[in-house]
Amino acid sequence: MAPVPFRGFAGASQAQSASRFAGGIRSRASGLSAVSVPLQDGDAGTAQTIDGIRRKIQEAFANPDVRAQAIAIARGTAPMNPMAQIQAVYRWVAAQIRFVNDPPGHELVQTADFTLLHRAGDCDCITTLVLSLLGGMGLDGDLVTVATDPERPQE
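As structure tokens, this is what we get:
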């Protein structure tokens, strides 16, 4: 998978957040983690989050549990049909993964296997999972951020 480009501004909440705390959580299952790191404000903090997502996606390519889930999802699709596989990933994630906000003051980027195990995460964790599942099927995906600040829609 090619490097994931950073485009745009991920949201006013990151720019407006004055404080972020170091910390993190680790699952009892070996190797599964969600890491919280101090973030810079604004676009620099968004870039940090994007870099974390990229690293987690790269880690997932070597993870047999993520690959096994990708195969299970693809099993119900027509052979050699990438669009059907993409749609299957979308449907599976929408049905199986619950959106849960990060704790206040933290920006967590979970590994794909952590999100699979706990069946929950926020937008960056779910994005990490989706792109990891697609990568497990041999498909490329792009990470694109969007502006959410109505005062600055061009950014």
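Just so you know, the numbering used here puts the end of the sequence shown at 962, numbered straight through with nothing missing. Cβ coordinates follow ideal geometry from the N, Cα and C atoms, glycine included. This one's a predicted model, so the numbers in the text were calculated from it and none came from an experiment.
- For LEU915, the enclosing beta strand (DSSP E) starts and ends at 915-917.
- Under the three-state reduction of DSSP, GLY945 is assigned to coil, being neither helix nor strand.
- Ranked by Cα distance from GLN892, the options GLY942, PRO871, ARG959 are led by GLY942.
- Distance between GLY849 and LEU924, taken at the CA atoms: about 31 angstroms.
- In this structure, the straight-line span from the alpha carbon of ILE933 to that of GLY912 is close to 19 angstroms.
- The three-state reading of DSSP puts GLY928 in strand, counting E and B together.
- Shown here, ARG861 sits in a helix according to DSSP, grouped into three states.
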